[in-house]
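Chains as they are written, first to last, in my numbering: chain S, 1 to 301; chain G, 1001 to 1426.
Glycine included, C-beta positions come from ideal geometry on N, C-alpha and C.
Quantities reported herein were computed from a predicted structural model and do not represent experimental measurements.
To start, the structure under review is shown below, and the notes come after it.
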Amino acid sequence: MKAYNLTHLRELEAEAIYVIREVAAQFENPAILFSGGKDSITVAHLAKKAFYPGKVPFPLVHIDTGHNFPETIEFRDKFVAELGAELIVGSVQKSIDEGKVVEEKGYNASRNGLQTVTLLETIENNKFDACLGGARRDEEKARAKERFFSHRDEFGQWDPKNQRPEIWNIFNGKKQFGENFRVFPISNWTEMDVWQYILQENIELPPLYFAHERDVFVRDNVIMATCDFIQMKDTEAAEKKVVRFRTIGDMTCTGAVESSASTLEDIIEEVAAARSTERGTRSDDKRSEAAMEDRKKQGYF
Amino acid sequence: MSDNNTEAKGYLDMELLRFSTAGSVDDGKSTLIGRLLYDSKSIFEDQYEAIEESSRRKGDENVNLALLTDGLRAEREQGITIDVAYRYFATPKRKFIIADTPGHIQYTRNMVTGASTANLALILVDARNGVVEQTFRHTFIASLLGIPHVVFCINKMDLVDYSQDVYNKIKADIESFSAKLDVKDIRFIPISALKGDNVVNESENMAWHKGGTLLYMLENIHIGSDHNHIDCRFPVQYVIRPQSDKFHDYRGYAGRIAGGVFKPGDDVTVLPSGFTSKIKSIDSYEGELKEAFAPMSVTIQLEDDIDISRGDMIVRENNKPNIGQDVDVMLCWMNDKPLVPNGKYAIKHTTNDARCMVKNVQYKVNVNTLHRIEDDKNIKMNDIARVTLRTTRPLFFDRYSRNRITGSVILIDEATNETVAAGMII
């Protein structure tokens, strides 16, 4: 008898496409949260496949902290143009200028936490009732219990104790006025799955993910790119290193790893041999043991 | 691309196995998962260092592998798992998704959630205590949720001197009560999660056990038949109409195949209209497919222009599901607010939305003894009961034991929008 089996990547893909189509069917005004990182690029790619030969029926939303890598912005604009989707940018700088948030001060100042305010405001202003994101359950402890369809109250908050049970693949997107959902189609993917899928599908990524030479300095054992947004201490010195980034966020909180991985195959080998998680280079998670859980409750991605 | 790059190429023939874990308090479930992750090298240095540090702070002598799976702050404080948590690891052969469910009595709802998508259930039994009430309950729920494979891990063998007699007695006890349940494939394995015997590495202390390690079993158990590949069922999820110049008249029905194998040229019937047509093509981003089967997500075009929308189902003419508004289900109640007799709820079945009334509660099941309770028909959180539903629109359904996708429903409270129950159609 013939075996009707899918590879793990094909099965994960089928699940993600199913989830994305459910969003299109159950919500009136959904959007894709797009950071320019590999996970949201993967979600956008899956959305393209889900509706082919039609267009992706959602806009892409980017929360711009103003501290992005220039490479990310360049890639974003090209990607959106090729996809033929609408781009909506929420600006953290604007939230600061309007006095809605106050910028952190000091050496470890980051706009990462401020994003939440801008994100919630962008959702509210555009009346999005569902936002697709690239979060994965394997990233961090607090995400291991996240649902595919994650319900948010009218303040955009997540209540880990009061999540709707999610049984089989029947998703309940019913909500009261003003409430909305975050939906995570690649919940069940690991970092390795994403890389293997990117290789399988030949998906283009920002050059930051591949080894390149740049000016960096080391703080708290994390390699940071030098830039105008980070104030260096007297004891810190810039040097040139060949590095790449495992995740892409703000320049102020995204650390690099020394690496010579210049192709997807190299990266996959490196990830397979890696001895620390990809968020191990994120200083925003290191602030306390429950840092991610606290930010999620407030409405972080 | 270099062909000898095995790390990069290995994924081309990896499969996916989803399993749930259940156990009583303190029978070492978290330790077992920690052990699987640790011995299969799925734990990173920073994660290991974090739990090493926590263990030290709590005064543990050994590194407590159970801490790896304790997610939320509330759990860390109380030392219990309060919700389903998902864990991932992979070997060159398979990727594994673990639905880690709490074993507390009040959390039947979480066990049902974790079990609903699993190919396999791991049930832990403490070798010192043997079969306890919760063993019955976990096995019953695994059978109720139609999990194809159930593996009993007789844990803490190190504390009973790795005794084969103890193991055989527990195995016989489980075999005797599970004979009454509908479980297709039952297996047993003696382990010590704490010491690592028979988890990833073979035990030197139990040479009498010839069944290999748990990981070997997880890597090799046959899962190719876990989906229904016989009865063709395609619930229409979304209609794709690009209305672009290039695809002006394109009308594709997007969805995930719930059963059977579809091919271009197949004669099909569309429910509920009953119109018949032929499959013109099965489309994907990569091009047209020669065949498609569960659980693939595809887009189907038909030869004829028929009015089809979300909630309709495409099936084979000579193999139709049941069509009806009266449905008997085993219901697991998942909400603090009890079921309202004759109450009305929203119901979701595949891609179909309707409303329903709970017409009749036939009996409740005592999940610890499997006895029927006929004199108490109040359905509260974590109760399992057989009920009859009357729906506002016909559903196209199969028995749950035949197809887990077309045989399942959820009920939603129309006032709060919360998911209040999971139902398996009988």
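Under the three-state DSSP convention, the category residue i falls into
i                : result
R214 of chain S  : strand
H8 of chain S    : helix
Y1216 of chain G : helix
I223 of chain S  : strand
D1328 of chain G : strand
L1194 of chain G : coil
G965 of chain G  : Past the boundaries of the shown model lies residue 965 of chain G; chain G is included only from 1001 to 1426, so the question cannot be answered.
L1339 of chain G : coil
N1319 of chain G : strand
V101 of chain S  : coil
I123 of chain S  : helix
V56 of chain S   : coil
K38 of chain S   : helix
T1091 of chain G : coil
P1242 of chain G : coil
T1081 of chain G : Model confidence at T1081 of chain G stands at a pLDDT of 48, short of 50, so the residue's coordinates are unreliable; what they give is reported in the following sentence. Residue state, collapsed to three classes: coil.
Cut-off 6 angstroms between Cβ atoms - residues of its own chain near residue i, not counting five sequence neighbours on either side
i                : result
A1346 of chain G : R1355, I1412, E1414
R1018 of chain G : I1097, T1117, A1118, N1119
Residue range of the beta strand (DSSP E) that includes residue i
i                : result
P1235 of chain G : 1233-1235
V89 of chain S   : 87-91
I1170 of chain G : No beta strand (DSSP E) contains I1170 of chain G, which is instead part of the alpha helix (DSSP H) from 1164-1178.
E1049 of chain G : Looking at the DSSP string, E1049 of chain G is not in any beta strand (DSSP E); the run it does join, the alpha helix (DSSP H), is 1045-1058.
T1392 of chain G : 1384-1397
T65 of chain S   : First-last for T65 of chain S: undefined, no H or E at that position.
T1269 of chain G : 1267-1271
S1408 of chain G : 1408-1412
Element boundaries [alpha helix (DSSP H), containing residue i]
i                : result
K1029 of chain G : 1029-1039
Y197 of chain S  : 191-201
A81 of chain S   : 70-83
I1426 of chain G : Segment: none, I1426 of chain G is in no alpha helix (DSSP H) and carries neither H nor E.
S1143 of chain G : 1133-1144
E270 of chain S  : 264-273
Spatial distance of residue i from residue j (CA atoms)
i                : j                : result
T1139 of chain G : L46 of chain S   : 37 angstroms
R1310 of chain G : V1236 of chain G : 5 angstroms
V101 of chain S  : S95 of chain S   : 6 angstroms
I267 of chain S  : K145 of chain S  : 28 angstroms
F1247 of chain G : I1240 of chain G : 11 angstroms
I1080 of chain G : P1272 of chain G : Reliability of the predicted coordinates at I1080 of chain G is poor, the pLDDT of 46 falling under 50, and the value obtained from them is presented with this limitation in mind. The straight-line gap from Cα to Cα measures roughly 47 angstroms.
T1276 of chain G : V1270 of chain G : 6 angstroms
A1066 of chain G : T1406 of chain G : 37 angstroms
L1145 of chain G : N1228 of chain G : 15 angstroms
F177 of chain S  : S91 of chain S   : 26 angstroms
L1159 of chain G : N1129 of chain G : 11 angstroms
V243 of chain S  : R1109 of chain G : 47 angstroms
P1295 of chain G : A1258 of chain G : 6 angstroms
Cutoff 9 angstroms: residue i Cβ touching any chain G Cβ
i               : result
D129 of chain S : no
L119 of chain S : no
D193 of chain S : yes
K175 of chain S : yes
Q163 of chain S : yes
N172 of chain S : yes
T42 of chain S  : no
K38 of chain S  : no
R76 of chain S  : no
R246 of chain S : no
W158 of chain S : no
G54 of chain S  : yes
T254 of chain S : no
I223 of chain S : no
S187 of chain S : yes
N169 of chain S : yes
Same chain, Cβ closer than 8 angstroms to residue i, neighbours up to 5 away in sequence not counted
i                : result
Y1088 of chain G : S1042, K1095, F1096, I1097, I1098
S40 of chain S   : I32, L33, F34, G133, G134
Interface flag, residue i vs chain S, CB-CB below 9 angstroms
i                : result
E1418 of chain G : yes
D1283 of chain G : yes
R1241 of chain G : yes
E1015 of chain G : yes
P1295 of chain G : yes
K1337 of chain G : no
Contacts around residue i, its chain only, beta-carbon distance under 7 angstroms, and the 5 residues preceding and following it disregarded
i                : result
V1327 of chain G : L1389, T1391, L1395, F1397, I1425
N1005 of chain G : Only weak support exists for where N1005 of chain G lies, its pLDDT of 43 falling under 50; the value from the coordinates is given anyway. So no residue of the chain qualifies.
P1190 of chain G : I1154, M1157, Y1167, N1198, M1206, H1209
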